[in-house]
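*Asks:* Below is the structure I would like to discuss, written out as structure tokens.
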């Protein structure tokens, strides 16, 4: 198992609500990426944070936002939830100069 | 745009046989190619990776080959076992700047005992 943890494990929300997902990176890792994995699909890159700054963003609308804290943990916030936001949300941490990303167990979000 | 195609989407093999999964990437600046195994309800686990300065890498029963000219890389699993059954994802990354991974759509491998 990696040292990356995520909370909560599962979450059920209704359309229009807002949600915050949390990720603790592995010790020594200063870069966190967030991915959305819909059922039966590969993970899709949402954005990445390096030393508390956004360091690249995928094709997701602005209602997907994030933060990284001084201890390199991170949050993913999604506003105005839509049914299609139902997915497994994965975070992955890495050392900035190394390629390998280590994934957390994910948060399964269901939007009703 | 950046894209990784992965084939086949499902693969069934008899225990002991070999399995091959193929990926093609579009971004010629990609230089790092990891493979992940994801069991049902679990996180993706890195099983092997290859960098663009290497054509082949092997780790016990698992090997990966890379053809940069064709922008093509493959995962080879030999002597398959039932515990190899899972979904396998390939990914491509530039390895600098934004270290984002572009994932393939996955291959569901079933090893039949």
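Chains as they are written, first to last, in this note's numbering: chain F, 300 to 411; chain D, -2 to 110.
All C-beta atoms, glycine included, are put in the ideal place defined by N, C-alpha and C.
From a predicted model like this one, the values you see are computed outputs, not experimental measurements.
What does residue 24(D) touch in chain F if you count any residue whose Cβ is under 7 angstroms from its own?
*Replies:* Scanning chain F for C-beta atoms nearer than 7 angstroms to the C-beta of residue 24(D) yields nothing, as the closest lies near 13 angstroms away.
*Asks:* 7 angstroms is my cut-off, CB to CB: does residue 344(F) come that close to chain D?
*Replies:* yes
*Asks:* Using the Cα positions of residue 110(D) and residue 77(D), report the straight-line distance between them to the nearest angstrom.
*Replies:* 10 angstroms
*Asks:* Going by beta-carbon coordinates alone, are residue 373(F) and residue 334(F) separated by less than 7 angstroms?
*Replies:* no
*Asks:* Let me know the secondary structure DSSP gives residue 46(D) once reduced to three states.
*Replies:* strand
*Asks:* Hey, could you find the ends of the beta strand (DSSP E) residue 60(D) is sitting in?
*Replies:* 59 to 64
*Asks:* Suppose you measure from the CA of residue 5(D) to the CA of residue 84(D); what does that come to, to the nearest Å?
*Replies:* So the alpha carbons of these two residues sit roughly 11 angstroms apart.
*Asks:* In chain order, what residues of the same chain lie with their CB nearer than 7 angstroms to the CB of residue 52(D), ignoring the 5 residues before and after it?
*Replies:* So the qualifying residues of the chain are 62 and 63.
*Asks:* Distance, Cα to Cα, residue 87(D) vs residue 395(F)?
*Replies:* Per the coordinates, the alpha-carbon of residue 87(D) lies some 21 angstroms from the alpha-carbon of residue 395(F).
*Asks:* Checking 7 angstroms against the spacing of the C-beta atoms, do residue 105(D) and residue 7(D) come in under that value?
*Replies:* In this structure, residue 7(D) lies closer than 7 angstroms to residue 105(D) by Cβ.
*Asks:* In chain order, what residues of the stretch 328 to 342 of chain F put their CB closer than 7 angstroms to some CB of chain D?
*Replies:* 330, 332, 340, 341 and 342
*Asks:* Looking at the C-beta of residue 102(D), does it have a partner C-beta in chain F at a distance below 7 angstroms?
*Replies:* yes
*Asks:* Counting along the chain, where does the beta strand (DSSP E) carrying residue 105(D) start and finish?
*Replies:* 104 to 109
*Asks:* Closer than 7 angstroms by beta-carbon distance: list the chain F residues that pair up with residue 85(D), in chain order.
*Replies:* Within chain F, no residue comes near residue 85(D); the closest Cβ sits about 10 angstroms away, beyond 7 angstroms.
*Asks:* Could you work out which residues of chain F lie near residue 54(D), taking near to mean beta carbons separated by less than 8 angstroms?
*Replies:* Going along chain F, no residue has its Cβ under 8 angstroms from residue 54(D), so there is no contact; the nearest lies around 13 angstroms.
*Asks:* Return the residue from the list 309(F), 399(F), 302(F) and 391(F) that minimises the CA-CA distance to residue 38(D).
*Replies:* 309(F)
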